[in-house]
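**Q**
Protein chains: 2
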Amino acid sequence: MSEDREITIYDIAKHLGISAATVSRGLKNNTMISKSTRKKIADAAKELGYQSNTFASSLRSKNTHTLGVLVPRLNSHFMSSVLAGMEKAASKQGYNLIIAQSLEDADREVVNASTMFNKRVDGLLISLSANTENLNHLDSFFKRKIPVVFFDRVHPHADTTSIIIDNYGAAYKVTSHLIQQGCKRLMHLGGNLLRDVYRQRLEGFQQALKDHHLPFIEELHIISTLSEDAGTDAARYILDLPVSKRPDGVFCANDTVAVHCMIGLKAAGLRIPEDIAFAGFNNDPISKVVEPNLTTVDYSGEVVGTTAVSNLISHLKGISDLYMTNQITLRSELIVRASSAKMRTDI
Amino acid sequence: MSEDREITIYDIAKHLGISAATVSRGLKNNTMISKSTRKKIADAAKELGYQSNTFASSLRSKNTHTLGVLVPRLNSHFMSSVLAGMEKAASKQGYNLIIAQSLEDADREVVNASTMFNKRVDGLLISLSANTENLNHLDSFFKRKIPVVFFDRVHPHADTTSIIIDNYGAAYKVTSHLIQQGCKRLMHLGGNLLRDVYRQRLEGFQQALKDHHLPFIEELHIISTLSEDAGTDAARYILDLPVSKRPDGVFCANDTVAVHCMIGLKAAGLRIPEDIAFAGFNNDPISKVVEPNLTTVDYSGEVVGTTAVSNLISHLKGISDLYMTNQITLRSELIVRASSAKMRTDI
Numbered sequence: 001m002s003e004d005r006e007i008t009i010y011d012i013a014k015h016l017g018i019s020a021a022t023v024s025r026g027l028k029n030n031t032m033i034s035k036s037t038r039k040k041i042a043d044a045a046k047e048l049g050y051q052s053n054t055f056a057s058s059l060r061s062k063n064t065h066t067l068g069v070l071v072p073r074l075n076s077h078f079m080s081s082v083l084a085g086m087e088k089a090a091s092k093q094g095y096n097l098i099i100a101q102s103l104e105d106a107d108r109e110v111v112n113a114s115t116m117f118n119k120r121v122d123g124l125l126i127s128l129s130a131n132t133e134n135l136n137h138l139d140s141f142f143k144r145k146i147p148v149v150f151f152d153r154v155h156p157h158a159d160t161t162s163i164i165i166d167n168y169g170a171a172y173k174v175t176s177h178l179i180q181q182g183c184k185r186l187m188h189l190g191g192n193l194l195r196d197v198y199r200q201r202l203e204g205f206q207q208a209l210k211d212h213h214l215p216f217i218e219e220l221h222i223i224s225t226l227s228e229d230a231g232t233d234a235a236r237y238i239l240d241l242p243v244s245k246r247p248d249g250v251f252c253a254n255d256t257v258a259v260h261c262m263i264g265l266k267a268a269g270l271r272i273p274e275d276i277a278f279a280g281f282n283n284d285p286i287s288k289v290v291e292p293n294l295t296t297v298d299y300s301g302e303v304v305g306t307t308a309v310s311n312l313i314s315h316l317k318g319i320s321d322l323y324m325t326n327q328i329t330l331r332s333e334l335i336v337r338a339s340s341a342k343m344r345t346d347i
Numbered sequence: 001m002s003e004d005r006e007i008t009i010y011d012i013a014k015h016l017g018i019s020a021a022t023v024s025r026g027l028k029n030n031t032m033i034s035k036s037t038r039k040k041i042a043d044a045a046k047e048l049g050y051q052s053n054t055f056a057s058s059l060r061s062k063n064t065h066t067l068g069v070l071v072p073r074l075n076s077h078f079m080s081s082v083l084a085g086m087e088k089a090a091s092k093q094g095y096n097l098i099i100a101q102s103l104e105d106a107d108r109e110v111v112n113a114s115t116m117f118n119k120r121v122d123g124l125l126i127s128l129s130a131n132t133e134n135l136n137h138l139d140s141f142f143k144r145k146i147p148v149v150f151f152d153r154v155h156p157h158a159d160t161t162s163i164i165i166d167n168y169g170a171a172y173k174v175t176s177h178l179i180q181q182g183c184k185r186l187m188h189l190g191g192n193l194l195r196d197v198y199r200q201r202l203e204g205f206q207q208a209l210k211d212h213h214l215p216f217i218e219e220l221h222i223i224s225t226l227s228e229d230a231g232t233d234a235a236r237y238i239l240d241l242p243v244s245k246r247p248d249g250v251f252c253a254n255d256t257v258a259v260h261c262m263i264g265l266k267a268a269g270l271r272i273p274e275d276i277a278f279a280g281f282n283n284d285p286i287s288k289v290v291e292p293n294l295t296t297v298d299y300s301g302e303v304v305g306t307t308a309v310s311n312l313i314s315h316l317k318g319i320s321d322l323y324m325t326n327q328i329t330l331r332s333e334l335i336v337r338a339s340s341a342k343m344r345t346d347i
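Residue numbers (UniProt numbering), protein chains in the order written: chain A, 1 to 347; chain B, 1 to 347.
#1: In whole angstroms, give me the CA-to-CA distance for His-65/A and Asn-293/B.
#2: Taking a Cβ distance cut-off of 7 Å, strictly less, list which residues of the segment 105-117 of chain B are near chain A, in chain order.
#3: Can at least three beta-carbon pairs, one atom from the segment 163-183 of chain B and one from the segment 191-200 of chain B, be found at a separation below 8 Å?
#4: Relative to the C-alpha of Thr-307/B, which residue among Met-343/B, Thr-325/B, Ala-20/B is closest?
#5: Considering Glu-133/A, what are the terminal residues of the alpha helix (DSSP H) in which it resides?
#6: Please report how far the alpha carbon of Leu-135/A lies from the alpha carbon of His-212/A, in whole angstroms.
#7: Compute the Euclidean distance between the alpha carbons of Asp-298/B and Val-257/A, then round it to the nearest angstrom.
#8: Any heavy atom of the ligand PLP inside 6 Å of the beta-carbon of Ser-332/B?
#9: Can you list the residues of chain B that Ile-286/A reaches, using a CB-CB cut of under 8 Å?
#10: Quick one: is Arg-38/A near chain B, going by C-beta distance under 7 Å?
#11: Measure the C-alpha to C-alpha separation of residue 351/A and Pro-247/B and round it to an integer number of angstroms.
#12: Can you tell me whether DSSP reads Asn-118/A as helix, strand or coil?
#13: Just the chain A side, please: which residues come within less than 9 Å of Gln-101/B by C-beta, in chain order?
#14: Got a sec? Which residues, its chain only, sit under 8 Å from Arg-60/B by beta carbon, not counting five neighbours each side?
#15: Using a cut-off of 9 Å between C-beta atoms, extract the partners of Leu-189/B located in chain A.
#16: Less than 7 Å between C-beta atoms, sequence neighbours within five positions excluded: which residues of the same chain meet that for Phe-78/B?
#17: Does the beta carbon of residue 356/A sit closer than 7 Å to a beta carbon anywhere in chain B?
#18: Taking the CB atoms as reference points, tell me whether Gly-191/A and Ala-253/A lie closer together than 7 Å.
#19: Does Arg-153/A have its Cβ less than 7 Å from a Cβ in chain B?
#20: Going straight from the alpha carbon of Arg-271/A to that of Gly-264/A, what length do you get?
#21: So, with DSSP's three-state summary, where would you put Cys-183/A?
#22: On the CB-based measure, 16 or more other CB atoms within 10 Å of its CB, does Pro-147/B come out buried or exposed?
#23: Asp-233/B to Glu-219/B, Cα distance in whole Å?
#24: Does the segment 331-338 of chain A come into contact with the segment 220-240 of chain A, if we say contact requires no fewer than three beta-carbon pairs (one atom in each stretch) closer than 8 Å?
#25: For Ile-12/A, tell me which candidate among Lys-40/A, Met-32/A, Ala-100/A has the shortest Cα-Cα distance.
#26: So Arg-153/B and Pro-215/B are supposed to be a Cβ contact under 8 Å. How far apart are they, rounded?
#27: Smallest Cα separation from Ala-106/B: which of Leu-124/B, Ser-129/B, Asn-118/B, Lys-92/B?
#28: For Lys-317/A, which residues of its own chain have a beta-carbon under 7 Å away from its beta-carbon, when the five flanking residues on both sides are left out?
#29: Mind checking Met-32/A: buried by the 16 CB within 10 Å criterion, or exposed?
#30: Can you pull the chain A neighbours of Glu-76/B, defined as C-beta to C-beta under 8 Å?
#31: State the start and end residues of the unbroken alpha helix (DSSP H) segment that holds Asn-96/B.
#32: Which two residues bound the contiguous beta strand (DSSP E) that contains Leu-67/B?
#33: When the Cα of Leu-70/A is compared with those of Thr-115/A, Gly-169/A, Lys-92/A, Thr-37/A, which residue comes out closest?
#34: Please list, in chain order, all residues of the same chain as Tyr-10/A whose beta carbon is under 6 Å from its beta carbon, the five residues on each side excluded.
#35: Mind reading off the beta-carbon distance from His-221/B to His-177/B? Whole number of angstroms is fine, and I expect it under 8 Å.
#36: With a cut-off of 8 Å on the beta carbons, I'd call Ala-171/B and Arg-144/B a contact; round off their distance for me.
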C-alpha cells in the first residue's frame, strides 16, 4: 500500500472484509458493533496508519478542541508551572494547547494573536507583554465571540475573565511584615508599571508605608526588568548611596532580582537581614537556596493555569458563562524566612 | 451582521462593492491588485472578522504547519528553555507548536502521541518519559513518514534524528576534574538508567574512575528522580554512613539533587568542598545561588530546541533529509566553581 496515500475507512473495510458502515460505527466505539469487532477495527486502523478525521470534522463542526496560549516568555519558573497546569486541565477534557511567546514585544503579540485566530482556536488564554498598550489585536476574537481569558498580566475588558492573585494585598502584607521587623527606610525593586501586577505591588507597598506613617522615598523606587543583572545593578546602586541614605529593607517584585541584589550586597560585606532585610515574590526555587533563605510570596502557577483552562472549557461546554465573570482572584501566602527576620531569632 | 455566521470573501466583496475574485486575489497579496485595493480588502477583512481559510486549505494541502511537542514535564528550567528555543525557531518559519506532557508516564505518552497523530502535525518533537520502554506508539508516524525528532531523552531508531549533548564526555570531564581536586571516594547521584542521558552520565563517571585506577563503589551509586526531596534523602544517606565510608566527592546528574544534598550536609556541619566536593549538571539558576557556588555542566536548552525544530523544518521543506542524519551532538561546557575547589584557592 502506498505510504503517501490517505488511509480511509474503505481500506480498513476491505482489509477486514466487512462493510465501511461497520468500520465507521466501530471507530466511533458504537456499541451496536460487538466488542471483538470493534477491537479488530481499531487494530486494523492502527496497523494501516489510519488518521481519524478529527481534522475534517473540526472543519464541519467549527470546533478544533484547541486552545491558544500567548505568553510573554516561556522560560520562567512561573510560566512553566502555569503551562504545566494548563496542559493537565486541557488534556483531561480532550483539548490541546497551541503556544506562542511575545518575547515582551507588543508587535509580536499582535502577530501571534492573528495566527491563533486563523488557526481557529476555540478559546484564547493570554498574559500580556510588558509593553502592550491596548487590546485592538484581540478585537477579532471579541467580534466572533471566541472566549478570551487573561491570566497574571491582565487588562480590564468587559468581554473577558481575568485570573489573578491579589497583588495589592500580598504586597501590603509583605511590606507590613518588613515594617514590623523594624524597617524604616524601605526600598522597592519593581517592574514595568504598564502591567497591573507590578502597579498593584507598588500600590500595596505604598499603602502599607502610609498606614504605618513611613515615607515613600522616590530614589528608593527602582523599575527594571527584574532580571539577574537588574539585581546586581540594584546592589551597586545601594552600595553607591551614602550609608545614611541606604535602605534598611527591600521589597522586590520577584525573587530573581531579590536574590541577585542580596548576592551583590553580601559580596560587599553587608549583612542580611541585620543591615538590610529582604523580601521577594514568587517562591521561586532559588528563594530556598540563597543564604539567608528569602522571605517571599507563594502562589501556585499551576493553579493559575488549571483555573484559567477550567473556566474557559466550562464556558465552551456551556456549563458556565465566562462573560458573567469579571475576575477570579487566587489565594497567595506570605512565607517568612530568615532574610527578613531582623527581630526574630527563631527562624 | 450576525456574529455567529462565518464571514466569507463574498461578504467582503459586497461590503466593498468589488468582485469576490478581486477579494480572493487581494487576500493572497496578489500584485495584480493595486496596493491601495489590497489595503482596503485587508482592512475590511479585519473589520468584518474574516478568518483566512488556512484551516480548509490545510485539509487540501495536507500540511497543518503545526509541530507536535511531547515532553516528560513542562515545568523544569531546562524544558522551558528548550520550548522557548523551539517556539522562536518555529514561529520564524510560520509553524506553530502543540504541546503535551507525559508527566513521566509511558501510558500518557502513548495517548499524547495518538492525539498528535490525529491532529495531523507535520512533524513530532519528543523527549521520552522516564519509563517508556519501546517506540510502538510512534509506529503510525514512521509508517506515514511523518518525521520524528528526538531530543534530550532519546531512543535509537533508524527513522529518526536525535539531538543530544555528549553526556558521556561531559560526565567523564566532571569526574576527572573531581579526581584532580583530590577526591578518591566518589559518589554518583544518578537518574533512571532506562534513559540514555542518565546511563551515559553513569558510564562517563565509571570510565573516568577506571582510567584513574579508582574503584566504583556500588553503595555510593544512588538512583532517584533527582528532585529536591531526593537531594535531602541523599544527604541523610551520607550522614548515616560511618565517617570512613562517606564519599569525599559527589557527581550529581542534575543541579537540583546536588544543591539540596549540599544544603542537608551543610546543616549537619559538613564543609563543602573540604569534607565533600560537589559537581552537578545543567547550570540551573540555583547553581549560581547556592553557597559555595556549584560546579556544573552548561548546555543550552534553547539551542537544543532551535536545533531540533530547524532540522525538522528543513526536512519538511525538502532542504535536508532527516533520515540521513542519525544524531546531532551539541557542545557542553564544564563550569568550575567553588563547590569542587578542594585544591584551588583562586575560585
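Each residue gets a CB set at the ideal place from its N, CA and C atoms; glycine is no exception.
These numbers come from a predicted model, not from an experiment.
**A** Per the coordinate set shown:
#1: 46 Å
#2: Thr-115, Phe-117
#3: yes
#4: Thr-325/B
#5: Unbroken run through Glu-133/A: none, as it is neither H nor E.
#6: 38 Å
#7: 22 Å
#8: What this structure holds is no ligand at all, so the ligand PLP is not there to describe.
#9: Pro-285, Ile-286, Val-289
#10: no
#11: Here chain A covers residues 1 to 347 and nothing more, so residue 351/A does not appear.
#12: helix
#13: Leu-83, Ala-84, Glu-87, Lys-88, Ser-91
#14: With a pLDDT of 49 at Arg-60/B, under the threshold of 50, the predicted position of this residue should be treated as unreliable, though the coordinate-derived value follows. Nothing listed; no residue qualifies.
#15: Those do not exist, as Leu-189/B stays about 17 Å from chain A at its closest Cβ, beyond 9 Å.
#16: Asn-282, Gly-301
#17: Outside the shown range of chain A, which is 1 to 347, sits residue 356/A, and nothing can be said about it.
#18: yes
#19: no
#20: 11 Å
#21: coil
#22: buried
#23: 14 Å
#24: no
#25: Lys-40/A
#26: About 30 Å separates the two Cβ atoms, so there is no contact after all.
#27: Ser-129/B
#28: none
#29: exposed
#30: Here residue 76/B turns out to be Ser, not Glu, going by the sequence shown. Going along chain A in sequence order, the residues near Ser-76/B (Cβ under 8 Å) are Ser-80.
#31: Note, Asn-96/B: premise wrong, no alpha helix (DSSP H); beta strand (DSSP E) at 96-101.
#32: 66-71
#33: Thr-115/A
#34: Ala-20
#35: Contact flag wrong, Cβ pair sits at about 19 Å.
#36: Rounded, the Cβ-Cβ distance is 37 Å, inconsistent with contact.
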